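Below: one structure, written as structure tokens.
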Amino acid sequence: MGTAQRKEMADAVSYEEQRRRQEVQDFGRKVRRTYGSRRKDLANRVYAIHGTC
1 MGTAQRKEMA
11 DAVSYEEQRR
21 RQEVQDFGRK
31 VRRTYGSRRK
41 DLANRVYAIH
51 GTC
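Numbering-wise, UniProt numbering puts 19 at position 19 of the sequence shown, and it's gapless, one number per residue.
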């Protein structure tokens, strides 16, 4: 395997890693936007979704 091939593979791996990291960040952002940071708000949403406990 030549040096050029190795560099090409490393670039492909880092691109995949970067994309995956971006997806994780987007997911975290979506969760925070949905539930917010307030615990009581989260409890209310869970109650509203699942009904009585």
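Glycine included, each C-beta is placed from N, C-alpha and C at the ideal position.
This structure is a prediction, so every number in the text was calculated from the model and none was measured.
Whole-angstrom distance between residue j and residue i, CA atom to CA atom
| i | j | result |
| --- | --- | --- |
| arginine 20 | methionine 9 | 17 Å |
| valine 46 | aspartate 26 | 22 Å |
| glutamate 23 | threonine 34 | 16 Å |
| lysine 7 | glutamate 17 | 15 Å |
| valine 31 | threonine 3 | 42 Å |
beta-carbon residue i near the ligand HEM non-hydrogen atom, thresh 7 Å
| i | result |
| --- | --- |
| alanine 4 | By its list of ligands, the structure shown contains no ligand whatsoever, and the ligand HEM lies outside what it can speak to. |
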